[in-house]
Amino acid sequence: MPAASGRATSGDSAAFVWPVRVYFEDTDAGGVVYYANYLKFMERARTEWLRQRGFEQDRLRADAGILFVVRSVQLDLKRPARFNDTLSVTCRPGALRRASIDVAQSVSRGNLELASANVRLACVDAERFVPVAIPVPVRNAIESDLGDKQ
0 MPAASGRATS GDSAAFVWPV RVYFEDTDAG GVVYYANYLK FMERARTEWL
50 RQRGFEQDRL RADAGILFVV RSVQLDLKRP ARFNDTLSVT CRPGALRRAS
100 IDVAQSVSRG NLELASANVR LACVDAERFV PVAIPVPVRN AIESDLGDKQ
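Heads up: the sequence shown begins at 0 in numbering that gives the first Met the number 0, then just goes up one per residue.
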(Lines of atoms letter the chains of each structure in order from A and count residues from 1; the text may use other names and numbers.)
(Lines give C-alpha, C1' and ligand atoms only; values in the text may rest on other atoms or scores of the structure.)
Protein backbone atom coordinates (compact mmCIF):
# COMPACT_ATOMS: atom_id res chain seq x y z
CA MET A 1 0.00 0.00 0.00
CA PRO A 2 1.43 3.41 -0.89
CA ALA A 3 2.26 6.02 1.69
CA ALA A 4 -0.55 8.46 2.29
CA SER A 5 -0.58 11.25 -0.24
CA GLY A 6 1.86 14.00 0.48
CA ARG A 7 3.63 12.17 3.28
CA ALA A 8 7.34 11.70 3.54
CA THR A 9 8.65 8.18 3.39
CA SER A 10 10.40 6.95 6.53
CA GLY A 11 13.87 8.39 6.87
CA ASP A 12 13.41 10.84 3.98
CA SER A 13 11.86 14.10 5.14
CA ALA A 14 12.25 15.69 1.69
CA ALA A 15 10.26 12.99 -0.14
CA PHE A 16 6.71 13.71 -1.26
CA VAL A 17 4.58 10.68 -2.14
CA TRP A 18 1.45 10.70 -4.32
CA PRO A 19 -0.69 7.56 -4.85
CA VAL A 20 -1.77 6.58 -8.37
CA ARG A 21 -4.07 3.77 -9.54
CA VAL A 22 -3.43 2.22 -12.96
CA TYR A 23 -6.49 2.26 -15.25
CA PHE A 24 -7.04 0.49 -18.59
CA GLU A 25 -6.40 3.80 -20.36
CA ASP A 26 -2.86 3.78 -18.92
CA THR A 27 -1.92 0.43 -20.48
CA ASP A 28 -0.73 -0.56 -23.94
CA ALA A 29 -1.49 -3.56 -26.14
CA GLY A 30 0.83 -5.67 -23.99
CA GLY A 31 -1.26 -4.99 -20.89
CA VAL A 32 1.39 -2.93 -19.12
CA VAL A 33 1.62 0.79 -18.44
CA TYR A 34 2.62 2.62 -21.63
CA TYR A 35 6.03 4.22 -21.04
CA ALA A 36 4.88 7.83 -21.57
CA ASN A 37 2.27 7.44 -18.83
CA TYR A 38 4.99 7.17 -16.20
CA LEU A 39 5.81 10.78 -17.11
CA LYS A 40 2.14 11.71 -16.61
CA PHE A 41 2.13 10.07 -13.17
CA MET A 42 5.28 12.01 -12.28
CA GLU A 43 3.78 15.28 -13.52
CA ARG A 44 0.76 14.77 -11.26
CA ALA A 45 2.99 14.14 -8.27
CA ARG A 46 5.09 17.27 -8.95
CA THR A 47 1.92 19.35 -9.29
CA GLU A 48 0.58 18.00 -5.98
CA TRP A 49 3.97 18.57 -4.33
CA LEU A 50 3.79 22.26 -5.26
CA ARG A 51 0.10 22.44 -4.33
CA GLN A 52 0.78 21.04 -0.87
CA ARG A 53 3.29 23.84 -0.36
CA GLY A 54 0.68 26.44 -1.31
CA PHE A 55 1.63 27.00 -4.94
CA GLU A 56 -1.10 26.26 -7.48
CA GLN A 57 0.24 26.24 -11.05
CA ASP A 58 -2.51 28.55 -12.34
CA ARG A 59 -1.95 31.02 -9.47
CA LEU A 60 1.79 31.09 -10.15
CA ARG A 61 1.00 32.06 -13.72
CA ALA A 62 -1.62 34.67 -12.78
CA ASP A 63 0.13 36.18 -9.74
CA ALA A 64 3.85 35.77 -10.47
CA GLY A 65 3.77 35.47 -14.27
CA ILE A 66 5.80 32.26 -14.23
CA LEU A 67 5.51 28.64 -15.28
CA PHE A 68 7.56 25.59 -14.41
CA VAL A 69 8.34 23.65 -17.57
CA VAL A 70 10.24 20.41 -18.05
CA ARG A 71 13.66 21.28 -19.44
CA SER A 72 14.98 17.72 -19.48
CA VAL A 73 14.10 14.27 -18.23
CA GLN A 74 16.05 11.04 -17.91
CA LEU A 75 13.68 8.08 -17.46
CA ASP A 76 14.73 4.57 -16.44
CA LEU A 77 12.04 1.89 -16.79
CA LYS A 78 12.88 -1.12 -14.62
CA ARG A 79 9.75 -3.26 -14.25
CA PRO A 80 6.20 -3.08 -15.64
CA ALA A 81 3.13 -1.78 -13.84
CA ARG A 82 -0.18 -3.35 -14.78
CA PHE A 83 -3.89 -2.59 -14.77
CA ASN A 84 -5.32 -1.94 -11.29
CA ASP A 85 -1.91 -1.64 -9.59
CA THR A 86 -1.73 0.92 -6.80
CA LEU A 87 1.49 2.87 -7.20
CA SER A 88 3.42 5.42 -5.16
CA VAL A 89 4.98 8.29 -7.07
CA THR A 90 7.75 10.04 -5.15
CA CYS A 91 9.32 13.48 -5.62
CA ARG A 92 12.61 14.47 -4.00
CA PRO A 93 13.86 17.99 -4.70
CA GLY A 94 17.53 18.23 -5.55
CA ALA A 95 19.81 20.92 -6.94
CA LEU A 96 18.17 24.33 -6.78
CA ARG A 97 19.51 27.00 -9.11
CA ARG A 98 18.46 30.57 -9.89
CA ALA A 99 15.93 29.51 -12.56
CA SER A 100 15.73 25.72 -12.30
CA ILE A 101 15.36 22.80 -9.95
CA ASP A 102 16.19 19.13 -10.30
CA VAL A 103 13.64 16.65 -8.98
CA ALA A 104 14.39 12.95 -8.48
CA GLN A 105 11.25 10.89 -8.98
CA SER A 106 10.31 7.25 -8.69
CA VAL A 107 7.28 5.05 -9.25
CA SER A 108 6.93 2.04 -6.96
CA ARG A 109 4.54 -0.78 -6.25
CA GLY A 110 5.00 -1.55 -2.57
CA ASN A 111 8.75 -1.68 -1.98
CA LEU A 112 9.52 -2.49 -5.63
CA GLU A 113 10.77 0.44 -7.73
CA LEU A 114 9.32 0.25 -11.24
CA ALA A 115 10.66 3.47 -12.76
CA SER A 116 12.89 6.37 -11.83
CA ALA A 117 13.58 9.73 -13.41
CA ASN A 118 15.65 12.85 -13.00
CA VAL A 119 13.60 15.84 -14.07
CA ARG A 120 14.95 19.37 -14.51
CA LEU A 121 12.28 22.04 -14.23
CA ALA A 122 12.95 25.51 -15.61
CA CYS A 123 11.16 28.56 -14.27
CA VAL A 124 10.11 30.67 -17.26
CA ASP A 125 8.21 33.87 -17.93
CA ALA A 126 4.65 32.79 -18.75
CA GLU A 127 4.40 35.06 -21.80
CA ARG A 128 7.89 34.98 -23.31
CA PHE A 129 9.04 31.49 -22.22
CA VAL A 130 12.49 32.77 -21.24
CA PRO A 131 14.18 31.71 -17.98
CA VAL A 132 13.48 33.86 -14.92
CA ALA A 133 14.45 33.56 -11.27
CA ILE A 134 12.32 31.28 -9.12
CA PRO A 135 10.19 33.59 -6.92
CA VAL A 136 11.47 33.93 -3.34
CA PRO A 137 8.42 32.31 -1.65
CA VAL A 138 8.69 29.26 -3.93
CA ARG A 139 12.47 29.11 -3.45
CA ASN A 140 12.05 29.29 0.34
CA ALA A 141 9.52 26.41 0.32
CA ILE A 142 11.83 24.25 -1.80
CA GLU A 143 14.83 25.11 0.38
CA SER A 144 12.88 24.03 3.47
CA ASP A 145 12.32 20.65 1.77
CA LEU A 146 16.02 20.39 1.03
CA GLY A 147 17.03 21.08 4.63
CA ASP A 148 20.68 20.18 5.06
CA LYS A 149 21.02 18.72 1.55
CA GLN A 150 22.02 22.09 0.00
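C-beta: ideal position from N, C-alpha, C; glycine also.
Checklist line | First and last residue of the uninterrupted beta strand (DSSP E) at Ala-121 | finding: Translated into the one-based positions of the sequence shown, residue 121 becomes position 122. Counting along the chain, the beta strand (DSSP E) containing Ala-121 begins and ends at 111-124.
Notebook entry, point to check: Can you tell me the Cα-Cα spacing of Val-137 and Glu-42, whole angstroms?
Noted result: As a position in the sequence shown, residue 137 is number 138, starting the count at 1. As a position in the sequence shown, residue 42 is number 43, starting the count at 1. Approximately 18 Å, taken between the alpha carbons.
Note to self: Closer than 8 Å is the cut-off here; do at least three beta carbon pairs connect the segment 48-59 with the segment 70-85?
What the structure shows: Contact between the segment 48-59 and the segment 70-85 is absent, with fewer than three C-beta pairs closer than 8 Å.
Notebook entry, point to check: Are the segment 29-41 and the segment 111-120 touching, with three or more C-beta to C-beta distances below 8 Å?
Noted result: The segment 111-120 and the segment 29-41 touch, with three or more beta-carbon pairs separated by less than 8 Å.
Notebook entry, point to check: Of all the options Leu-49, Val-102, Ile-141, which has the alpha carbon lying nearest to the alpha carbon of Gln-70?
Noted result: The residue labelled residue 70 in the question sits at position 71 within the sequence shown. The question names Gln, yet the displayed sequence has Arg at residue 70. Out of Leu-49, Val-102, Ile-141, the CA that lies nearest to the CA of Arg-70 is found in Val-102.
Note to self: Looking only at its chain, what residues have a beta carbon closer than 6 Å to the beta carbon of Ala-63, apart from the 5 residues adjacent to it on each side?
What the structure shows: Here residue 63 refers to the residue found at position 64 of the sequence shown. Here the set comprises Pro-134.
Next item on the list: Would you identify the three-state DSSP class for Pro-79, choosing helix, strand or coil?
Entry: Translated into the one-based positions of the sequence shown, residue 79 becomes position 80. Residue state for Pro-79 is assigned as coil, using DSSP reduced to three classes.
Margin query: Going by the DSSP bridge assignment, what does Ile-65 pair with across the sheet?
Written below: Taking the first residue of the sequence shown as position 1, residue 65 is located at position 66. BP columns for Ile-65 point to Asp-124.
Note to self: I'd like to know whether the C-beta atoms of Pro-130 and Ala-94 end up nearer to each other than 8 Å.
What the structure shows: In the sequence shown, the residue the question calls residue 130 occupies position 131. In the sequence shown, the residue the question calls residue 94 occupies position 95. Taking C-beta atoms as the reference points, Pro-130 and Ala-94 fail to come closer than 8 Å.
Next item on the list: Ignore the nearest five residues each way along the sequence and tell me which others in Cys-119's own chain have a CB closer than 7 Å to its CB.
Entry: The count along the sequence shown starts at 1 and reaches residue 119 at position 120. According to the sequence as given, residue 119 is Arg; it is not Cys. For Arg-119, the CB contacts under 7 Å within the same chain, skipping 5 residues up- and downstream, are Arg-70, Ser-71, Ser-99, Asp-101 in chain order.
Next item on the list: Tell me whether Gly-146 sits in a helix, a strand or coil according to DSSP, three-state version.
Entry: Here residue 146 corresponds to residue number 147 of the sequence shown, with the count starting at 1. Reduced to three states, the DSSP call for Gly-146 is helix.
Checklist line | Ser-9 - DSSP class collapsed to helix/strand/coil | finding: Locating residue 9 in the sequence shown gives position 10, counting from the first residue. The pLDDT assigned to Ser-9 is 44, lower than 50, so where the model puts this residue is not dependable, and the model offers no usable value.
Note to self: When you compare the CB positions of Ala-80 and Val-21, do they come within less than 8 Å of one another, or not?
What the structure shows: The residue labelled residue 80 in the question sits at position 81 within the sequence shown. The residue labelled residue 21 in the question sits at position 22 within the sequence shown. For Ala-80 and Val-21, yes; Cβs fall inside 8 Å.
Next item on the list: Identify which residue in Asn-139, Gly-30, Asn-110 has its Cα closest to the Cα of Arg-96.
Entry: By 1-based counting over the sequence shown, the position of residue 96 is 97. The candidate whose alpha carbon is nearest that of Arg-96 is Asn-139.
Notebook entry, point to check: Which one of Gly-146, Gly-30, Val-123, Phe-15 has the shortest CA to CA distance from Arg-78?
Noted result: Counting from 1 along the sequence shown, the entry for residue 78 is found at position 79. Looking at Gly-146, Gly-30, Val-123, Phe-15, the one whose alpha-carbon comes closest to that of Arg-78 is Gly-30.
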